[in-house]
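Residue numbers (our numbering): 121 to 492.
In structure tokens form, the structure reads like this:
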């Protein structure tokens with residue numbers, strides 16, 4: 121034991137202790153790197169959006185979060201419909217492209233009514249180039265405009281939500297970002313939302329690149345029935361633009377059938393004779409809005425392409441033709457339905473149908489309802 125008291129052995133012992141400690145630290149570091157990711161203390165940040173500068177900081181932060189991803193991104197949002205704001209949304213598109221180039225998967229749910237041409241073409245291009253980008257479309261109106269879940273299984277999972285506020289009390293007003301929440305390191309929250317998001321995306325219509333292009337396309341809707349009253353259209357698609365009275369040639373409208381109610385299937389039909397025509401009301405709508413109309417009318421009407429005369433020009437449009445009745449002989453009472461037709465005709469000076477209704481003994485008076 122006296123040997124251990126020798127200075128030389130004590131020096132060797134110190135060296136051995138240092139080597140042992142170094143080896144322990146190396147093993148512990150390796151072990152921690154290999155163990156499953158752990159989540160630190162959740163961090164919550166809130167960004168009030170009060171002006172253009174704070175809104176720009178919001179999108180800078182979204183771009184930064186996307187660029188920090190290491191595996192998976194789930195995002196929902198309305199997109200941008202103003203070409204003048206291209207400098208704002210291009211940075212988000214570039215961040216998405218970087219993530220896709222790195223092999224990360226992006227699942228997006230689109231929730232907007234219409235988008236700018238450059239926004240649509242950019243995401244259509246990304247879909248064509250990167251199979252790891254999936255876009256679905258949700259026609260319900262969420263309480264928030266954007267939801268993001270980034271790396272739910274990673275070391276630092278991120279969840280963000282962007283809430284919007286209407287600019288006025290009118291139903292067709294635009295909305296602007298008002299509050300932005302970011303929650304980091306809350307893995308249970310991120311995993312739960314990611315699972316719900318993925319399930320929701322699977323249940324929705326999946327878009328192809330050519331569908332994404334259509335998000336920016338405009339259509340002309342030729343309305344000949346109750347949708348001549350603008351309130352009926354704007355109630356469901358508030359961004360639709362009233363273009364005024366239009367004429368459909370090569371078709372006939374049977375006003376006596378209209379008086380029988382909307383269930384009558386002989387209301388309008390194509391004749392191909394240019395001398396046959398009737399008037400209606402034209403609206404400009406987006407792909408999104410047209411799809412909303414198609415979903416509303418699909419049980420009783422079929423969308424068909426037509427050419428209409430609007431402001432002296434012939435333009436492409438679409439209208440709805442009644443489907444064959446599954447219960448022949450059963451008719452719905454006209455009631456308030458024909459009153460809606462009359463209101464729309466009076467509002468837009470659709471004079472032909474008003475004259476035909478008068479000739480059939482139908483009082484032609486405005487109902488006095490709010491036209492929105």
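Using N, Cα and C, we set each Cβ at its ideal position, and we do this for glycine too. Since the structure is predicted, the reported quantities are computational estimates derived from the model, not experimental observations.
Beta-carbon proximity check, residue i vs residue j, cutoff 7 Å
i	j	result
residue 365	residue 396	no
residue 404	residue 363	yes
residue 225	residue 190	no
residue 194	residue 314	yes
residue 163	residue 304	yes
residue 220	residue 185	no
residue 360	residue 409	yes
residue 183	residue 212	yes
residue 244	residue 201	no
residue 406	residue 234	yes
residue 258	residue 324	yes
residue 276	residue 284	no
residue 321	residue 256	yes
Residue interval of the beta strand (DSSP E) (run including residue i)
i	result
residue 342	338-343
residue 361	361-369
residue 285	278-286
residue 295	295-304
residue 376	From DSSP, residue 376 is part of no beta strand (DSSP E) but of the alpha helix (DSSP H) over 375-379.
residue 188	Unbroken run through residue 188: none, as it is neither H nor E.
Whole-angstrom distance between residue j and residue i, CA atom to CA atom
i	j	result
residue 199	residue 469	37 Å
residue 447	residue 231	Residue placement at residue 447 is poorly supported in this model, since its pLDDT is 49, which falls under 50; the coordinates are not used for a value here.
residue 465	residue 349	7 Å
residue 346	residue 216	44 Å
residue 483	residue 475	11 Å
residue 282	residue 373	48 Å
residue 173	residue 299	14 Å
residue 494	residue 472	Any question about residue 494 goes unanswered here, given that the chain covers just 121 to 492.
residue 326	residue 319	13 Å
residue 197	residue 228	8 Å
residue 273	residue 307	7 Å
residue 161	residue 181	21 Å
residue 392	residue 426	11 Å
residue 170	residue 422	45 Å
residue 218	residue 387	54 Å
residue 210	residue 203	11 Å
residue 251	residue 222	12 Å
residue 377	residue 433	30 Å
residue 375	residue 286	41 Å
Expected contact under 8 Å - CB spacing of residue i and residue j to nearest Å
i	j	result
residue 439	residue 334	Contact doesn't hold; Cβ gap of about 19 Å is too wide.
residue 271	residue 278	7 Å
residue 428	residue 342	5 Å
residue 402	residue 462	With a Cβ gap of about 19 Å, residue 402 and residue 462 do not count as contacting.
residue 178	residue 329	Not quite, the Cβ-Cβ distance comes to about 28 Å (not below 8 Å), so this is no contact.
residue 379	residue 443	Contact doesn't hold; Cβ gap of about 20 Å is too wide.
residue 467	residue 352	Residue 467 to residue 352, Cβ: 11 Å. No contact.
Closer than 7 Å to chain B by CB, residue i
i	result
residue 307	This model lacks chain B altogether, as it is built from one protein chain only.
Range of the contiguous alpha helix (DSSP H) that encloses residue i
i	result
residue 275	From DSSP, residue 275 is part of no alpha helix (DSSP H); its letter is neither H nor E.
residue 478	471-479
residue 317	307-323
residue 208	206-221
residue 248	237-249
residue 256	Here residue 256 belongs to no alpha helix (DSSP H); instead the beta strand (DSSP E) covers 253-257.
residue 411	407-417
> Does the pairing of the segment 411-425 with the segment 349-360 give three or more beta-carbon distances under 8 Å?
Replying inline: yes
> Any chance the segment 315-335 sits against the segment 236-255, with 3 or more Cβ pairs inside 8 Å?
Replying inline: yes
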